[in-house]
Amino acid sequence: MRTMNHAYIRGRRLAVAVTAVLAVTALGGTLVTVAAPAAEAAVAGPVAPNADVTFPAGEKLVSGGNTGFLTSKDDGAGGSALTWTSFDDATTWPVPASLAYPSRSDTIVTREGYRFVLRDMSANGISTYVEPIGLGTDYKVAGAAGSTVFLSVPNATYGGEDLYRLTRVNGVQQQEKLTPFAGGRDYKVLSHSLGTAVVVFEKDSSSGPYYRRALVDLGGGFLKEERALLPFDPATVTTAVSPSYIAWTEYVDGAQRVAIEKRSAYEPFKRISLGAGSKGVVVGFSGDWVLYGVPGGLTAPTANPLYALTAQNVLTGETHQLLDHFTSSSTAPDGTILVHGGKSTDGEGLFRVTGAEWPQIALVARTPGATSAPQVVRSTVPAVADLDRNGGQVAMEWELSRYNVNLDVTLRHNVTGKTFTKRLTRPSAPARLTWDGLINGVSAPNGDYQWHVVATPTNGIGNPGYANGTFKVTRQANPHDYTDNGSPDLLARDAAGVLWRDDLLDSPVGGQVTPAKPRVKIGPGWNTYNVIEAAGNIAGSGAGDVLARDTAGVLWTYISKGDGTFGTRTKVGPGWGVYNKLAAGSDLTGDGRDDLVATDASGALWLYKGTGSATVPYAGRVKVGPGWGVYNQLTAVGNIAGGVAGDLVARDASGVLWLYLGKGDGTFAARTKIGTGWGGYSQLVGVGDANNDGRPDLVAYGSAGTHVFLGTGSWSAPFTKTVTSLYAGEGTKFTSVS
């Protein structure tokens, strides 16, 4: 196993341990050389090599060289953990520091107190150091290039700052003052290539700061002295250099651009616009091609063609897109360019750009499992959505790899194909849909569903991401439900004999029981019947069925298909013309099946127990008792008072409504007066639970208007009158409501 070695002076500080000092003049500055004894100390060795070079997710590119690259990540304690990865065998080295200066080389530059450690990763991590001599403690690090550290040191005599170069050559430290001029400040060494570094800085004048740049030979001195620049943002300015060209980013009238200058000339010969308010960078040169773009596009909310890493030929203007997006880059000492980014065809990770005639790009360190397409990391969709709970609302969540997407959610009912769609535009984390249980304004049917989400990037980077799954919608059965969606439905026949269905919403809207829109036409021809009655679930299908008696006294059943339509009618039998009132849809005997009661001309009440059979839905009749002829309306309302079985309400000729509490054996307790004033209604319908509170309700329709009487659960005051938009203004339109 290889070891990383340190060569440094132990004990007293370098300033005390100097054994030889030689001062010479170089470009108006001073070169100090220091020879020092060396010692080696082993530190943490490399981690066993991987089969392939990888760029782990969550890592950031710090620097890159010819033989490997340096990354950092959050160490979980508020700092950073550094790792060097070798291109040769994928070996990874933990670096014993939390901060490194981008040296764009195989040398890792870190700081230990007053000195800077230089680890040569091309030589098994052999380490040396440099330490400022006589520069005080107020200096700032201007940057690093290879094994050279640059410091910006206050000049107490002339003001401003001086730029110093520190390095170690053949075991000897060199410290050189580079600035032959005064007044400069805020030096930044931003790029270097093939032994040349670019320095930018500011100077003060009576009209404000102005901006300069210079080229520095890493071996010492200036190759090209300071030149004036157009304004740049000191915090974001970037530069690039090659044997032939220099480039930098600048601002003119709020717009950013890349300026390119030949090293043999003194004025930019080409400028590339990056747009107003841009935070673009110049990445480097590959022959006559300059690479540029705006980093961070993968997480940007909107599209921008500059998010791509673009190569432009500075001579012909030809452009070529190299990557869909990128975050950071580093030019290696040999002139090749390393870029962290992604491409939909190749994946995510670290790419190398080479080639002078035409830039070639290759993935050299893949980020496992990463893609430019957004991914659904985790979905939280309930396996069973009980729409009787939480006001009929269902929360669904999706954790995404990124949220600058339009998330299109589709919920599809397997049987009917009914579909709910919703677009979540750039949702917050996690993406959340609160489904109200409606599809196209109608309560969703029960049963099995598929959910499907498509995450389409709003910035145009990456293909859409997909995920899907299943869930089930369920509710308690509602005997007045023809669409298997848990909410009660009403059937109304108009004067032309056309039957219509109104589907009530699961929960009130604005405090009112509200029908879904639009009203659904079932079909014509229902004028052949003089009674149409909701029968409850008489055949065990899970949805409500319908009884209809024709003018010949024959009773027919229409078994619900559960989708709002009915099967072909089935004959129950003749002889039902002897009854002047029928009331069905409620379990009066406590056996779980819906029964039927009827009153004849003599006023006798008869019970027909439900059998659960579609072909023979009722057993033979049993007489309940006489005296029911005083009523002109009879309605089965379900168990409205919390007793053992369903109840009845009956209205007399004076408009008084009476309650008969069921005993559970098909008989009833003595009547209880509900109230007066019910004579203005032509139809009283036991609609079931209309407001999703678990109690059955009553709909009253007629010339007096339509009202919903909500069940209270109390036998002494069983209903509360409420207004509704159901049949608003249509009190005389329908001849039958059930």
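Heads up: the sequence shown is residues -10 to 727, going by the working numbering.
Where is the CB? At the ideal position from N, CA and C, for every residue including glycine.
Is it right to say residue i is buried, meaning 16 or more other beta carbons lie within 10 angstroms of its own, or is it exposed?
i	result
residue 190	buried
residue 520	buried
residue 281	buried
residue 391	buried
residue 28	At residue 28 the pLDDT is 37, less than 50, meaning the model places this residue with poor confidence; the figure from the coordinates comes in the next sentence. It is exposed - the Cβ of residue 28 has fewer than 16 other Cβ atoms within 10 Å.
residue 91	buried
residue 254	exposed
residue 159	exposed
residue 147	exposed
residue 10	Reliability of the predicted coordinates at residue 10 is poor, the pLDDT of 31 falling under 50, and the value obtained from them is presented with this limitation in mind. When all chains shown are included, residue 10 counts as exposed.
residue 496	buried
residue 429	exposed
residue 622	buried
residue 462	buried
residue 643	exposed
residue 256	exposed
residue 708	buried
residue 88	exposed
residue 193	exposed
residue 142	buried
residue 403	exposed
residue 37	Confidence at residue 37 is low in this model, with a pLDDT of 49, below 50, so the placement of that residue is unreliable and no value is reported for it.
residue 474	buried
residue 697	buried
residue 544	buried
residue 498	exposed
residue 672	buried
Between residue i and residue j, which are expected to be in contact by the criterion C-beta below 8 Å, what is the C-beta distance as a whole number of angstroms?
i	j	result
residue 561	residue 546	6 Å
residue 434	residue 407	6 Å
residue 95	residue 57	7 Å
residue 327	residue 338	With 8 Å as the limit, residue 327 and residue 338 do not qualify as a contact, their Cβ atoms being about 11 Å apart.
residue 422	residue 398	5 Å
residue 155	residue 140	7 Å
residue 153	residue 163	Their Cβ separation, rounded to whole angstroms, is 10 Å, which puts residue 153 and residue 163 out of contact at 8 Å.
residue 239	residue 248	5 Å
residue 301	residue 278	7 Å
residue 359	residue 387	Going by Cβ atoms, the distance from residue 359 to residue 387 rounds to 18 Å, so no, they are not a contact pair.
State the start and end residues of the unbroken beta strand (DSSP E) segment that holds residue i.
i	result
residue 235	234 to 241
residue 244	244 to 251
residue 540	Neither: residue 540 is in no beta strand (DSSP E) and is coded neither H nor E.
residue 116	115 to 119
residue 478	478 to 483
residue 53	49 to 53
residue 374	373 to 375
residue 728	Outside the displayed range of the chain (-10 to 727) lies residue 728, so it cannot be described from this structure.
residue 145	Per DSSP, residue 145 belongs to no beta strand (DSSP E) and is neither H nor E.
residue 347	Run containing residue 347: none; DSSP gives neither H nor E here.
residue 629	Element bounds for residue 629: n/a, residue is neither H nor E.
residue 569	568 to 575
residue 310	308 to 312
residue 326	326 to 332
residue 605	Segment: none, residue 605 is in no beta strand (DSSP E) and carries neither H nor E.
residue 219	No beta strand (DSSP E) contains residue 219, which DSSP labels as neither H nor E.
residue 180	173 to 182
residue 446	436 to 446
residue 206	199 to 206
residue 457	454 to 463
Are there any heavy atoms of the ligand FMN lying less than 8 Å away from the beta-carbon of residue i, as far as the coordinates show?
i	result
residue 421	The ligand content of the structure shown is nil, which means the ligand FMN is not present either.
Is the region 476 to 492 touching the region 560 to 568 in the sense that three or more CB pairs, one from each, lie closer than 8 Å? no
Contact the region 320 to 340 vs the region 301 to 309: 3+ CB pairs below 8 Å: no
Are there three or more Cβ pairs, one per stretch, closer than 8 Å when the region 611 to 622 is compared with the region 587 to 599? Touching, yes.
Output the residue ranges of the beta strand (DSSP E) runs that lie fully inside the region 259 to 302 and measure 3 residues or longer, sorted by chain position. 270 to 275, 278 to 282, 298 to 302
Three Cβ pairs or more, each shorter than 8 Å: is that satisfied between the region 598 to 613 and the region 622 to 630? The region 598 to 613, when compared against the region 622 to 630, does not touch it at the 8 Å Cβ threshold.
Taking contact to mean 3 or more Cβ pairs, one atom from each stretch, closer than 8 Å, check whether the region 444 to 461 and the region 689 to 703 are in contact. no
In chain order, each beta strand (DSSP E) run of at least 3 residues that lies wholly inside the region 73 to 126: Entirely contained in the region 73 to 126, the beta strand (DSSP E) runs reaching 3 residues are, in chain order, 81 to 84, 96 to 101, 104 to 109, 115 to 119.
Which runs of the beta strand (DSSP E), 3 residues or longer, sit entirely within the region 465 to 518? Entirely contained in the region 465 to 518, the beta strand (DSSP E) runs reaching 3 residues are, in chain order, 478 to 483, 488 to 492, 509 to 512.
Under 8 Å: do the region 45 to 62 and the region 70 to 88 share three or more Cβ pairs, one atom per stretch? yes
Contact the region 439 to 450 vs the region 287 to 298: 3+ CB pairs below 8 Å: yes
Are three or more beta carbon pairs between the region 218 to 231 and the region 260 to 267 nearer than 8 Å? no
Segment contact, 8 Å Cβ cut-off, at least three pairs: the region 311 to 318 with the region 268 to 287: Remark: three or more beta-carbon pairs, one from each stretch, lie closer than 8 Å, so the region 311 to 318 and the region 268 to 287 are flagged as touching.
Start-end ranges of the beta strand (DSSP E) lying completely within the region 644 to 687, minimum 3 residues: For the region 644 to 687, whole beta strand (DSSP E) runs of length 3 or above, ordered along the chain, are 646 to 649, 661 to 664, 672 to 677.
Contained beta strand (DSSP E) runs [length at least 3] in the region 383 to 426, N- to C-terminal order: 383 to 389, 394 to 402, 408 to 414, 420 to 424
Flag this pair as touching only if the region 501 to 508 and the region 527 to 538 have three or more C-beta atom pairs under 8 Å; answer yes or no. no
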